[in-house]
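K.L.:
A single structure is presented below for examination.
In our numbering, the protein residues as written are 189 to 369.
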């Protein structure tokens, strides 16, 4: 009886190990980057084409220091309010879009970027006779893409576009102007 229990437990453990070790089935399409018109090698393979169409700086806050003294003044800003920018996506997405960004461009992309309360920006030196302006926010990139398929050795458009905006990074812009202006 004891050997029957042990063999039943061993069979159960072996079955559980096989099931647990199996890769998870996913309904999402595999990320395969490509460009319409470029060559491909696996007939019928599906993928995605992605391109950045524009970039813009979305200002969330500013700080200004006018220096009428004889020595440099520091331009700093301590954030009193947190700001988060998340991506905005439209169209037909049935794959890991963030992974496509990582494979196509670089792994630095995230689906959101955040400025935290209490972060200090600067100091940036403002020379005598100048006004310093600090702007902080997010560098956003607009993108578009489409689903593609390998046909006759060439990637072709499947006609299922997607588009959106992704925050590429938190961004600070500092400019100086003469107080005489």
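Cβ atoms here follow ideal geometry from the backbone N, Cα and C, with glycine treated the same way. Only a predicted model underlies this, so the values are computations on that prediction, with no experimental measurement involved.
If the criterion is Cβ atoms closer than 8 Å, does the pair residue 330 and residue 221 meet it?
P.N.:
Cβ atoms of residue 330 and residue 221: not closer than 8 Å.
K.L.:
At 3 residues or longer, what runs of the beta strand (DSSP E) sit wholly inside the stretch 248 to 276?
P.N.:
The stretch 248 to 276 contains these whole beta strand (DSSP E) runs: 261 to 266, 271 to 274.
K.L.:
Could you have a look at residue 361 and say whether DSSP puts it in helix, strand or coil?
P.N.:
The answer is strand: DSSP assigns residue 361 an E or B state.
K.L.:
Rounded to the nearest angstrom, what separates residue 324 and residue 334 at their Cα positions?
P.N.:
The straight-line gap from Cα to Cα measures roughly 33 Å.
K.L.:
Rounded to whole angstroms, what's the CA-CA distance from residue 290 to residue 342? Just pull it up for me.
P.N.:
If I take the Cα positions, the gap works out to 23 Å.
K.L.:
Determine, using beta-carbon pairs with one atom in the stretch 227 to 245 and one in the stretch 299 to 319, whether at least three such pairs fall under 8 Å.
P.N.:
With the cut-off at 8 Å, the stretch 227 to 245 and the stretch 299 to 319 do not touch.
K.L.:
Cα-Cα, which of 336, 355, 351 is closest to residue 217?
P.N.:
Measuring from the Cα of residue 217, the nearest candidate turns out to be 336.
K.L.:
Nearest by alpha-carbon distance to residue 298: which of 315, 260, 274 is it?
P.N.:
Comparing Cα positions, the closest option is 274.
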